[in-house]
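My numbering puts the first residue of the sequence shown at 261, with every later residue one more than the last.
Structure first, commentary second.
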Amino acid sequence: MTAARGRFITLEGGEGTGKSTQARILAAALETRGVKVRVTREPGGSPLAEKVREVLLSGLAQPLGPQGEAALFAAARADHVRETIAPALAAGTWVICDRFTDSTRVYQGAVGKADPRLLRALDRVSVADTVPDLTLVLDVPPEIGLARAAARGKGAAADRFEREGVEYHAAIRAAFLSLAEAEPERCVVIDAGGDVDSVAARILSAVTTRLPLPAVAGAPA
Ligand code: Z5A
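Set out below in structure tokens:
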């Protein structure tokens with residue numbers, strides 16, 4: 261018997277909104293309910309895409325401009341989808357991805373002003389039909405997200421995106437909110453303020469409301 265396709269969940273939002281933390285917590289909660297889960301991230305998520313991540317976050321590619329960076333994010337994404345995401349979904353594993361193509365639409369598109377026709381063409385090649393079933397947009401004011409990221413990264417050098425000012429991160433937040441508003445059937449905005457456990461409860465509630473879990477004997481409801 262072939263396994264039913266897994267579900268594809270993406271976590272999006274600005275810096276320090278808690279995506280990585282919540283991806284791990286959501287995976288553990290789903291596994292408790294009998295779901296096999298693979299957590300991954302972008303840029304990265306496959307050996308080759310992790311190498312492209314280093315180039316992008318170092319700022320080496322910044323002189324290429326938003327369109328050049330978008331092409332690199334898409335090249336990494338094509339490999340990530342082919343090597344990691346699509347095989348997991350085909351095997352019936354649920355995939356939780358920390359950032360995906362909405363990040364390109366927001367960072368390089370809405371804020372960077374890359375040509376939307378280019379971004380759509382890149383999506384056709386890199387994403388094709390591997391579209392998320394559910395996208396959780398984690399939302400906090402940028403001052404809170406940046407403070408969280410700074411507290412975590414004490415002593416480490418800021419990456420190419422962390423070096424941007426608060427106005428830039430406010431524009432990113434607004435762009436994520438308007439993207440979510442435009443696609444309510446796929447996107448849910450999660451209030452990511454408050455403690456980790458409260459945010460995790462909001463996320464689990466959104467996931468179990470939108471995506472029916474496979475029935476597993478003995479698993480908690
Ligand atoms: N980018 C792009 O431009 N185009 C693209 O297509 C893609 C990405 C895919 C990736 O950097 C950068 O690439 C990203 C956009 C760009 N840059 N920015 N900004 P990254 O992966 O290194 O950075 P990030 O995605 O923004 O992740 P982050 O800074 O690690 O944030 P996070 O994953 O949302 O948060 P976290 O790591 O879970 O939490 C941050 C800290 O806050 C940590 O110490 C936690 O313990 C703490 N935390 C988490 N939740 C809470 C709550 N609720 N209360 C208090 N403290 C908390």
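For glycine and all other residues, C-beta sits at the position ideal for the given N, C-alpha and C.
Taking 7 Å as the cut-off, does the CB of residue i come closer than this to any heavy atom belonging to the ligand Z5A?
i, result
"G266", "no"
"Q327", "no"
"R359", "yes"
"G352", "no"
"K296", "no"
"V385", "no"
"K311", "no"
"V487", "This structure cannot settle anything about residue 487, because the visible part of the chain is limited to 261 through 481."
"R408", "yes"
"A440", "no"
Going straight from the alpha carbon of residue i to that of residue j, what length do you get?
i, j, result
"R313", "A336", "8 Å"
"E441", "L394", "14 Å"
"R446", "V467", "11 Å"
"A407", "A434", "18 Å"
"G369", "F436", "11 Å"
"G319", "L286", "31 Å"
"V315", "L464", "34 Å"
"E302", "E403", "23 Å"
"H340", "G453", "30 Å"
"V449", "E275", "15 Å"
"K311", "G304", "7 Å"
"V355", "Y428", "30 Å"
Can you tell which of the options has the C-alpha that lies nearest to the C-alpha of residue i?
i, options, result
"A283", "G294, R298, E275 and G274", "R298"
"P444", "V459, R365 and R470", "R470"
"D358", "K373, G273, F333 and I450", "G273"
"A348", "F268, I450 and H429", "F268"
"T270", "D375, V391, G304 and A461", "V391"
"T344", "A410, S386, A418 and V426", "S386"
"T361", "G294, L332 and T292", "L332"
"R342", "P376, A321, A418 and P307", "P307"
"V371", "T281, K296 and Q327", "Q327"
Classify residue i: buried if its beta carbon has 16 or more other beta carbons within 10 angstroms, exposed otherwise.
i, result
"G266", "buried"
"L379", "buried"
"G329", "A small correction: the amino acid at residue 329 is Glu; Gly does not occupy that position in the sequence shown. Buried, because 16 or more other Cβ atoms sit within 10 Å of the Cβ of E329."
"G405", "buried"
"R324", "Note that residue 324 is Leu in the sequence shown, not Arg. Its Cβ having fewer than 16 others within 10 Å, L324 is exposed."
"P472", "exposed"
"D399", "buried"
Ranges of the alpha helix (DSSP H) found wholly within the stretch 311-344, counting only runs of at least 4: 325-340
Any beta strand (DSSP E) of 3 or more consecutive residues that is wholly inside the stretch 417-456: 447-451
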